[in-house]
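For what it's worth, my numbering labels the leading residue of the sequence shown as 1142, then goes sequentially. First up is the structure itself, then whatever we jot down about it.
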Amino acid sequence: MGLHREELHISGLEQLDVDEPVVMLNLMKFRDQSLDGDGSGWDAYQRYSRGVIGLLKVRGGTILWAGPVGSLAFGDLSDGDWDYVSLVLYPTPAAFIDMMQSEDYQAPNVHRENGTVRHSIIALSTDYSKFLGVHNRET
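Right under this line is the structure:
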């Protein structure tokens, strides 16, 4: 398996402000059973998380928030529902790209692939953040 360069939307990430932090919105749907047969998809994702937390921290990143999806509050889920969501802060888009393309990322990434049916990551620029002290637009 392994993370392929074409799965990373490098061109879009490179269009972000190179000097600004980026928050990655992670949307995850877990398998009932991990593809490696070692527990559930959630169990495999926990192995992935333990494997990447050090890689994240060494690049100056941090998890801002993570939790299970509770309920649909508005709109529809025509593309399917999600089980878990996290917001992960990186100091720059380059820090995210560096982690995702590193050799050290490949081994824990297998657990992510074994555990998730779908995993989408959306790069968020910041107009306002109480946590980051950013106010780029009038609100």
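Just so it is clear, CB atoms sit at the ideal spot from N, CA and C, and this is done for glycine as well.
(request) For my contact list, A1185 and N1255 are in at a C-beta cut-off of 8 Å; report their separation, rounded to the angstrom. (result) Sure, about 5 Å apart at Cβ, within 8 Å.
(request) Label M1142 either buried or exposed according to how many other C-beta atoms from any shown protein chain fall within 10 Å of its C-beta, with 16 as the threshold for buried. (result) Here the model assigns M1142 a pLDDT of 41, short of 50, so the residue's position is not dependable, and the following value carries that caveat. Under this definition M1142 is an exposed residue.
(request) Run the CB neighbour count on R1253, radius 10 Å, all protein chains shown included, and call it buried at 16 or more, exposed below. (result) R1253 is buried by the Cβ-count criterion.
(request) Output the distance between the C-alpha atoms of S1219 and K1271, rounded to the nearest integer angstrom. (result) The straight-line gap from Cα to Cα measures roughly 31 Å.
(request) Give the DSSP bridge partners of K1343, in chain order. (result) Examination of residue 1343 is not possible in this model, given that the chain is present from 1142 through 1280 alone.
(message) Within 10 Å of its beta-carbon, does L1166 have 16 or more other beta-carbons around it, so buried, or fewer, so exposed?
(response) Per the 10 Å Cβ criterion, exposed.
(request) Would you kindly check if the distance between the Cβ of D1239 and the Cβ of R1200 is under 8 Å? (result) Contact flag set, yes.
(message) At the level of alpha carbons, what is the spacing between T1280 and S1266?
(response) In this predicted model, T1280 has a pLDDT of only 46, less than 50, meaning its place in the structure is not dependable; the value taken from the coordinates is given anyway. Rounded to whole angstroms, T1280 to S1266 spans 16 Å at the Cα level.
(request) Please list, in chain order, all residues of the same chain as S1243 whose beta carbon is under 8 Å from its beta carbon, the five residues on each side excluded. (result) Scanning its chain for C-beta atoms nearer than 8 Å, with the 5 sequence neighbours on each side dropped, one finds around S1243 the residues L1196, in chain order.
(message) If distances are taken between C-alpha atoms only, which option among K1198, D1158, G1182 and L1176 comes closest to Y1246?
(response) Cα-wise, what sits closest to Y1246 is K1198.
(message) Once DSSP output is grouped into helix, strand and coil, what is the label at L1206?
(response) In the sequence as presented, Leu is not what sits at residue 1206; that position holds Trp. Strand at W1206.
(message) In the DSSP output, what is M1165 paired with across the bridge?
(response) Paired residue(s): V1229 and A1264.
(request) For the alpha helix (DSSP H) containing A1236, list its first residue and its last residue. (result) First-last of the alpha helix (DSSP H) with A1236: P1234 to Q1242.
(message) At the level of alpha carbons, what is the spacing between P1209 and V1226?
(response) Cα to Cα, P1209 sits roughly 6 Å from V1226.
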